[in-house]
Amino acid sequence: MTNKQKEFLKLYEPVHADFERFCRARVFGDMDFRDLMNETLMKAFEKFDTLRSKEAFLHFLFGISVRVLANNHRKKKAVVGTFEAISPKLEDTNANTESKTEVHFLHKALAELPEVQREAIILFEITGFSIKEIAVLQESSETSVKQRLRRGRLKLRAILTFNSSDGQSEPNTGGKTL
Amino acid sequence: MSLTNNELDHLFQEAREEQPIADYQETTRAFLAATIAISGGVLATKSLVGLFKLKTFLAISGVVVATTTAVVLNQSSPEGGNETTATPVAMEEEADEQRDEIVRHRMVGDTVRQAVDTSLQLIIEELEVVIPIAAEEPEIVPAKEPKGLIFIREPSKDEKKSIKQHALAIIPKCKSQSSSKSECQNNWRSDEYSEAEEEYYASEKDLSYPNLGKKELKKPYKTLRQELIKDRLIDEDRCCWQMSIKKQKIRVNNDRLPDVFYEKYARLLDDLLDVDVYDNDSYWNWTSCHCQENDCEG
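First to last, the protein sequences are chains A and B.
Here the first sequence stands for residues 1 to 178, where the numbers follow our numbering.
Here the second sequence stands for residues 179 to 476, where the numbers follow our numbering.
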């Protein structure tokens, strides 16, 4: 293992869990999150020399994965149409019996949101990024990010409520009624 | 019943606390394998690119062609495999048989061997074309020495500088001391010479060059005439003679000055009359007649 690889992995180890959660939530029902993780890590390793601050490593990784996904979706759109049109037909490729049921349904609901809303909510609610950081990652204003978060939350509530009232799937919310 | 904000926050909380499915070790292994594969791929590409550089490529293609030729030859021979174990007598017999067979083939007009021969010839021709290109080396061309050139010695920089300084030192004196232009022209050389100037003229080592003293410099035309007579360039008895300079050429009585005297007179004219012979644009003409009336020839 080279010094560069050692240094890279040293920085990656503490942020692995956050990065994995982000990738899993972000590509739920779309692709294997491990593929996104590997692709992002490879690109990050290639551009590791350009990393200015070690504290910004997670931000660096998310920035790359956001661009990777954007590129993938741009290619996909030309072939199969919009993600919204195909998302209901997709199966969960990351299904894990150990995963909690409510998180599974949350991810499923998130997959039905538009790309930018989904990304903003995952970064803000799951990964814990600030609105300012998300604005930088998404190359948009803070107001736009706030709007995305608000609308995304409203949609999520609607999706999860509809699913629970439909009776097709009953997410376990720890005894609480959805 | 709709989902409340608190319930949604609770769901996000669950998602945040969830343990990762893909553990760190697994991800690290995948990452390291990918980096090794990529670096291996880069190395392989580099080596392939290096392999297919022109010279190497041509060498490899030469080897491939040679191998193909050998294979074709071996296949075209009817008993190729038994040749190594045959005795000399058997080999002779075999050679005779082959010769007979070739004759038979030629006689019956078998074109297969001819086609093989033609293809081999083509391959050999191709090799003859390719190999010299592969072995191409830059030719070392020796620098050509100049021939038929005459190198004329020019006065060195120091000499030119000294002559110029000398002239510049004298001419102003003339201007200041002389009342009229004609007087200045007649006495353009001052009688006052510095010791340095005397030393300069005395230090001339060229024996053929006259020792230009105070007297000679004062009467430049006379000095020039004396030198011309001494070098037998003009006849002393002849009362009129002419000297000119045009396009770096010195002529005496319309005859070109011999090369052996060129440098001497160029320097002399420069010293005595401040005429730069080496300047392509300089033009100077002098006609001298010191004879009696009707005594002059031409």
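Cβ coordinates follow ideal geometry from the N, Cα and C atoms, glycine included.
Model, not experiment: these values are computed from the prediction.
The contact set of isoleucine 238 (chain B) on chain A, defined by CB atoms closer than 7 angstroms, is empty, because the minimum CB distance reaches about 33 angstroms.
Assignment of glutamine 197 (chain B) by DSSP, reduced to helix, strand and coil, places it in the coil class. Following the DSSP letters along the chain, one finds methionine 42 (chain A) inside the alpha helix (DSSP H) bounded by residues 33-46. Put simply, the backbone Cα of lysine 4 (chain A) is about 35 angstroms away from that of histidine 107 (chain A). Under the three-pair Cβ rule at 8 angstroms, the stretch 424-434 of chain B does not count as touching the stretch 387-396 of chain B. Judged by DSSP secondary structure, threonine 101 (chain A) falls within the alpha helix (DSSP H) whose first and last residues are 101-110. For glutamine 117 (chain A), no Cβ of chain B is located within less than 8 angstroms of the residue's own Cβ. Under the DSSP definition of a beta bridge, serine 422 (chain B) partners with B:Arg429, B:Asn463.
Counted as a single uninterrupted DSSP element, the stretch harbouring isoleucine 126 (chain A) is not any alpha helix (DSSP H), since DSSP gives it neither H nor E. CA-to-CA, the gap between isoleucine 134 (chain A) and leucine 58 (chain A) works out to about 12 angstroms. Sequence-ordered contacts of the stretch 189-202 of chain B with chain A read Leu189, Phe190, Glu192, Ala193, Arg194, Glu196, Pro198, Ile199, Ala200, Tyr202 [C-beta pairs closer than 7 angstroms].
The three-state reading of DSSP puts arginine 52 (chain A) in coil, since its state is none of H, G, I, E or B. The beta carbon of phenylalanine 8 (chain A) sits closer than 6 angstroms to the beta carbons of Phe45, Phe48 from its chain, once the five residues preceding and following it are set aside; these are given in chain order.
The C-beta of leucine 251 (chain B) comes no closer than 8 angstroms to any C-beta of chain A.
With its beta carbon at least 8 angstroms from every one in chain B, threonine 40 (chain A) lies outside the interface.
In the DSSP assignment, arginine 434 (chain B) forms a beta bridge with B:Arg429.
Interface residue (Cβ-Cβ distance to chain A less than 8 angstroms): threonine 206 (chain B) is classified as such.
For tyrosine 399 (chain B), the three-state secondary structure derived from DSSP is helix.
Chain-order list of chain B residues neighbouring methionine 37 (chain A): Ala200, Thr205, Ala208, Phe209, by C-beta distance under 9 angstroms. With its beta carbon at least 8 angstroms from every one in chain A, alanine 244 (chain B) lies outside the interface. Pairwise C-beta distances place the stretch 13-24 of chain A in contact with the stretch 58-72 of chain A, as three or more of them are shorter than 8 angstroms. Distance check between lysine 155 (chain A) and each of A:Arg21, A:Met1, A:Leu113, A:Glu102 places A:Leu113 closest, using alpha-carbon atoms only.
Along the stretch 53-75 of chain A, none of the residues has a CB nearer than 8 angstroms to a CB of chain B. The beta carbon of threonine 223 (chain B) does not come within 8 angstroms of any beta carbon belonging to chain A, so the residue lies off that interface. Taking each of A:Ile131, A:Ile122, A:Arg118 in turn and checking the Cα distance to glutamine 191 (chain B), the smallest one comes out for A:Ile122. Glycine 29 (chain A) sits in coil when the DSSP states are folded into three classes, being neither helix nor strand. Neighbours of threonine 213 (chain B) in chain A, taken as residues whose beta carbon is under 8 angstroms from its own, are Gln5, Met42, Phe45 in chain order. Comparing C-alpha distances from alanine 111 (chain A) to each of A:Leu160, A:Glu39, A:Ser65 shows the shortest one belongs to A:Leu160. Alanine 25 (chain A) is positioned such that its CB atom lies closer than 8 angstroms to that of isoleucine 126 (chain A).
In the structure shown, aspartate 187 (chain B) falls within a helical segment according to DSSP collapsed to helix, strand and coil.
Close to chain B, meaning a Cβ-Cβ distance shorter than 9 angstroms, are the following residues of the stretch 23-35 of chain A: Cys23, Arg24, Ala25, Phe33, Arg34.
A contact is defined here as three or more CB-CB pairs under 8 angstroms, and the stretch 441-458 of chain B meets this definition with respect to the stretch 395-406 of chain B.
Contact annotation for alanine 17 (chain A) against chain B: Pro198 [CB-CB distance below 7 angstroms, chain order]. Distance between threonine 223 (chain B) and alanine 273 (chain B), taken at the CA atoms: about 50 angstroms. Under the Cβ distance rule, arginine 21 (chain A) counts among the residues neighbouring chain B, one pair being separated by less than 8 angstroms.
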